[in-house]
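Colleague: Dropping a structure here in structure tokens format, bear with me for questions.
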Amino acid sequence: MDILIVLEDNRGAVHRMSREAIAGAHKLAAVMDLSVGALAIGENADTLAKEVEKTKIKEILVIKNDLLASYNADGYAETLKQVIQQESPRFIIVGHTYQTRDYFPRVSAKLDIPFIPDITGFQHKGEDLVFNKPVFNAKLAADLKGKKDQVLISFQSAAYSEDEIEPGMSAIREISVDLDKSLVRSESEQPFQEEAGEIDLESADIIVSVGRGIEKEENLPIAF
Numbered sequence: 001m002d003i004l005i006v007l008e009d010n011r012g013a014v015h016r017m018s019r020e021a022i023a024g025a026h027k028l029a030a031v032m033d034l035s036v037g038a039l040a041i042g043e044n045a046d047t048l049a050k051e052v053e054k055t056k057i058k059e060i061l062v063i064k065n066d067l068l069a070s071y072n073a074d075g076y077a078e079t080l081k082q083v084i085q086q087e088s089p090r091f092i093i094v095g096h097t098y099q100t101r102d103y104f105p106r107v108s109a110k111l112d113i114p115f116i117p118d119i120t121g122f123q124h125k126g127e128d129l130v131f132n133k134p135v136f137n138a139k140l141a142a143d144l145k146g147k148k149d150q151v152l153i154s155f156q157s158a159a160y161s162e163d164e165i166e167p168g169m170s171a172i173r174e175i176s177v178d179l180d181k182s183l184v185r186s187e188s189e190q191p192f193q194e195e196a197g198e199i200d201l202e203s204a205d206i207i208v209s210v211g212r213g214i215e216k217e218e219n220l221p222i223a224f
């Protein structure tokens, strides 16, 4: 496979931003005539694979291991490292989630390949693929490209819509990795949530905005 999408488990379902990453991968595959694969890890790996089975993904890799039953950065980083070494994808794609920010830099360091996070799009210019990324608190836009044959990429939330996912039918293949308990030195707490009084807009499927015309809180149901 040329493109590998890493699916994130969100309470037993594919994370919304992973579905957006699939849409982005389909765009990239169409521009460069590449094949697309996906990877599902953990105790819900079979469920995640079945959820995206009817999309234009050539093959979905499934990994189940007691050390990967719940997310931990050490185990996931080592697992993805081994999968990349086995499958040799050119692009490894995820949504830019809290989890991605935790373990993708470790994969980058383990394999000495670049990680370009939080990108909003790309252009194919000649033989180069240029990625667009907001910088300086989104006040400027940068164009970046990797200097190596492989690159890790995370798409910004809503950079692509899951409505753009192309339908198809995928093969599912279970694979294994060599994990030793001594490698897993970290243990994750419950998924991060914003502090009380704040709303995590990145996790919302629909955002409704109202103005002064709503007048008072009791009128909010009018907008829904």
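According to the UniProt record's numbering, the sequence shown is numbered sequentially starting from 1.
The beta-carbon is built from N, C-alpha and C at its ideal position, and this holds for glycine as well.
(1) For the segment 139-147 and the segment 1-21, state whether three or more C-beta atom pairs, one from each stretch, are separated by less than 8 Å.
(2) Quickly, what does DSSP pair Leu129 with across the bridge? List them, please.
(3) Among residues of its own chain, excluding the 5 on either side of Gly24, which ones have a beta-carbon nearer than 8 Å to its beta-carbon?
(4) Touching or not, the segment 35-47 and the segment 133-142, by the rule of three or more beta carbon pairs under 8 Å?
(5) Could you pull the DSSP bridge partners for Ala223 from this structure?
(6) Taking C-beta to C-beta, are Ser108 and Leu152 nearer than 7 Å?
(7) Can you find at least 3 beta carbon pairs, one from the segment 68-82 and one from the segment 103-118, that sit closer than 8 Å?
(8) Nearest CA to the CA of Lys58: which residue from His26, Asp112, Arg16 and Gly211?
(9) Might you give, ordered along the chain, the residues of its own chain that have their beta carbon closer than 7 Å to the beta carbon of Asp205, omitting 5 neighbours on each side?
(10) Quick check on the burial criterion: 16 or more other C-beta atoms within 10 angstroms. Buried or exposed for His96?
(11) Across which residues does DSSP place Pro117 in a beta bridge pair?
(12) Considering only the beta carbon of each residue, do Val62 and Glu174 sit closer than 7 Å?
(13) DSSP three-state call for Ala45: helix, strand or coil?
(14) Beta-carbon within less than 8 Å of Val83's beta-carbon, same chain only, minus the 5 sequence neighbours each way: which residues are those?
(15) Closest to Lys125 by C-alpha separation, out of Gly213, Pro221, Val31 and Lys216, would be which residue?
(16) Please name the residue, chosen from Asp33, Val135, Arg185 and Gly12, that lies closest to Ala49 on a Cα-to-Cα basis.
(17) Do Leu67 and Asn179 count as a contact pair if the criterion is CB distance below 7 Å?
(18) Tell whether a beta-carbon distance below 7 Å holds between Ser170 and Glu78.
(19) Are Ile113 and Phe131 closer than 7 Å when you measure CB to CB?
(20) Quick check: the Cα distance between Ala29 and Ser157, rounded to an integer number of angstroms?
(21) Quick one: Cα of Thr47 to Cα of Glu189, how far?
(22) Can you check whether the CB of Arg90 is closer than 7 Å to the CB of Gln150?
Modeller: Let me spell this out:
(1) Cβ pair count under 8 Å is below three, so no.
(2) His124.
(3) These residues qualify, in order along the chain: Ile93, Phe155, Ala159 and Tyr160.
(4) Taking a contact to require three or more Cβ pairs closer than 8 Å, the segment 35-47 and the segment 133-142 do not qualify as touching.
(5) Ala223 is not bridged to any residue.
(6) The answer is yes: Cβ separation under 7 Å.
(7) Touching, yes, given that three or more Cβ pairs across the two stretches are closer than 8 Å.
(8) Out of His26, Asp112, Arg16 and Gly211, His26 has the C-alpha closest to the C-alpha of Lys58.
(9) Within the same chain, Cβ atoms closer than 7 Å to the Cβ of Asp205 are found at Arg16, the five residues on either side in sequence being excluded.
(10) Buried.
(11) In DSSP, Pro117 forms no bridge with anything.
(12) With respect to the 7 Å criterion, Val62 and Glu174 are classified as neighbours on the basis of their beta carbons.
(13) In the structure shown, Ala45 sits in a helix (DSSP, three-state: H, G or I).
(14) Cβ neighbours of Val83 within its own chain (closer than 8 Å, five residues either side excluded): Leu4, Leu39, Leu61, Ile63, Ile175 and Val177.
(15) Checked all of Gly213, Pro221, Val31 and Lys216; the closest Cα to Lys125 is Val31.
(16) Distances from the alpha-carbon of Ala49 to those of Asp33, Val135, Arg185 and Gly12 put Gly12 closest.
(17) Position check: residue 179 holds Leu in this sequence, whereas Asn was assumed. For the pair Leu179 and Leu67, the CB atoms are nearer than the 7 Å cut-off.
(18) Ser170 places its beta carbon 7 Å or farther from that of Glu78.
(19) It is not a contact, given that the beta carbons lie outside the stated cut-off.
(20) Roughly 20 Å between the two C-alpha positions.
(21) Each residue's CA atom was taken as its position, placing Thr47 and Glu189 some 23 Å apart.
(22) Yes, the pair counts as a contact, with Cβ atoms nearer than the cut-off.
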